[in-house]
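For the sequence shown, my numbering assigns the number 3 to the initial residue and increments by one for each residue that follows. Where is the CB? At the ideal position from N, CA and C, for every residue including glycine.
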Amino acid sequence: CKTCWDQGLKITWKRKRTMAVMNRHLFRAVLPFHCLGCIWSQRDKKENQHMAPSVRATVTQFNAVTSCVITSVLGDLAMRIPQRAHLLEKWIQIAGVSQAEGWSGGSGKMKQG
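Take a look at the structure:
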């Protein structure tokens, strides 16, 4: 997943902020009744594809990010364990930035470092 933020190694602060803003937008758009079991459990049936669109968008975003993380950490068979650990640490940092900036509403400013 080389296109997934350059395998997580050189992710710019602008990209982190973009991801945080997207997460914030998706979470704010979730309608509580879309999370109800009856609607949620029926969302994948072809005739119900219009159901729970706010939850579907959030799940799609997080599945895409998860795929990037998995592919970047496990995709290169030549990568050694310390390299994988370092890459995973980077993804954890990104998740922390995304959570602080996206879910809490953020201040609009990000500290570098």
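### Message
For the region 55-64 against the region 81-91, do three or more pairs of beta-carbon atoms, one drawn from each stretch, fall closer than 8 Å, so that the two count as touching?
### Response
Short answer: they don't touch.
### Task
Would you kindly check if the distance between the Cβ of residue 61 and the Cβ of residue 93 is under 8 Å?
Between residue 93 and residue 61, the gap from beta carbon to beta carbon reaches 8 Å or more.
### Task
Compute the minimum distance between the beta carbon of residue 62 and the heavy atoms of the ligand NAD, and state whether it is under 7 Å.
Of the ligands one can find in the structure shown there are none, so the ligand NAD has no counterpart to examine.
### Task
Could you have a look at residue 117 and say whether DSSP puts it in helix, strand or coil?
A query on residue 117 cannot be resolved here, the shown segment of the chain reaching from 3 to 115 and no further.
### Query
Start and end of the alpha helix (DSSP H) containing residue 55?
Taken as a continuous stretch (DSSP letters only), the alpha helix (DSSP H) holding residue 55 covers 55-76.
### Task
Taking only the alpha-carbon atoms, compute the straight-line gap between residue 64 and residue 32 and give it to the nearest angstrom.
Using only the alpha carbons, I get a separation of about 14 Å.
### Task
For my contact list, residue 90 and residue 67 are in at a C-beta cut-off of 8 Å; report their separation, rounded to the angstrom.
Not really, about 14 Å apart at Cβ, beyond 8 Å.
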